[in-house]
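S.K.: Heads up: the sequence shown is residues 24 to 114, going by my numbering.
Every residue gets a Cβ at the ideal spot worked out from N, C-alpha and C, and that includes glycine.
Below are the structure tokens for one structure; questions will follow.
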Amino acid sequence: MPVRIAPAGQRIDQVLFRQGRIETAELLSTMLGMIEHQGAAAEVIAPLRKGAKAKPASYAAGVEALLDEVAAMVERHEMNNPQNVARHAQG
């Protein structure tokens, strides 16, 4: 997933970018158990992405960058632990 960047000609405000990442990281830290698997992670990430669209471009870019990293980590975790995913799917 590509990192969202500001529109052409618009400079990224690093303070807003970091603020977007920090606030999203704080929110995600409260949901760690929910984002262990891709299905649950997608349910958490989708509304955060949608909400980021209403924020300034630099803030949204920070949110998107962190969400992309989290999604990649969840995917790697599932690839490295397929038996846990199968066990979870069986309920």
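1) Going by DSSP, what residue range makes up the alpha helix (DSSP H) through Ala88?
2) Which residue's Cα is closest to the Cα of Val67: Ser52, Gln42, Pro79 and Lys78?
3) Is it true that the CB of Val97 sits closer than 8 Å to the CB of Ile58?
4) Could you tell me the distance, in whole angstroms, from the CA atom of Gly74 to the CA atom of Met102?
5) Closest to Leu71 by C-alpha separation, out of Leu39, Gly43 and His100, would be which residue?
6) In whole angstroms, what is the alpha-carbon distance linking His60 and Ile35?
M.R.: With the given structure in hand:
1) For Ala88, the uninterrupted alpha helix (DSSP H) run begins and ends at Ala80 to Asn103, by DSSP.
2) The residue with the shortest Cα to Cα distance from Val67 is Ser52.
3) Judged by their CB atoms, Ile58 and Val97 are nearer to each other than the 8 Å cut-off.
4) Rounded to whole angstroms, the gap between the alpha carbons of Gly74 and Met102 is 29 Å.
5) In this structure, Gly43 is the residue among Leu39, Gly43 and His100 with its C-alpha nearest to the C-alpha of Leu71.
6) Those two C-alpha atoms are separated by around 31 Å.
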